[in-house]
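Okay, so here's the structure we're looking at.
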Amino acid sequence: MAYVISDSCVSCGSCESECPVGAISQGDTQYVIDANACIDCGTCAGTCPTGAINEG
């Protein structure tokens with residue numbers, strides 16, 4: 084199950100550079116994770132300062 088970014092995302096971008104498969108990108112209002120590309124490693128969740136990333 085892919086990780087998802089909640090509304091508590093502050094668009095700091097710390098997760099995007101940490102994703103080993105490039106599944107994270109800037110969306111219209113916050114960062115988003117491409118569920119088809121996500122490999123469920125959890126690296127992004129560990130780098131998020133607001134805890135906005137969780138398993139979907």
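Everything in the sequence shown is counted per this note's numbering, starting at 84 for the first residue and increasing by one.
The C-beta atom is built at its ideal place from N, Cα and C for all residues, glycine as well.
Given the structure is predicted, the values throughout are model-derived calculations rather than measurements.
Beyond the five residues adjoining it in sequence on each side, threonine 133 comes within less than 6 Å, by CB distance, of Ser91 and Val93 in the same chain, given in chain order. Here the alpha carbon of isoleucine 107 sits roughly 9 Å from the alpha carbon of alanine 118.
Beyond the five residues adjoining it in sequence on each side, alanine 135 comes within less than 6 Å, by CB distance, of Ile88, Ser89, Ser91 and Cys92 in the same chain, given in chain order. In the assembly as shown, isoleucine 116 is a buried residue. Its beta-carbon has 16 or more other beta-carbons within 10 Å. Pairing threonine 126 with cysteine 95 gives a Cβ-Cβ distance that is not under 8 Å.
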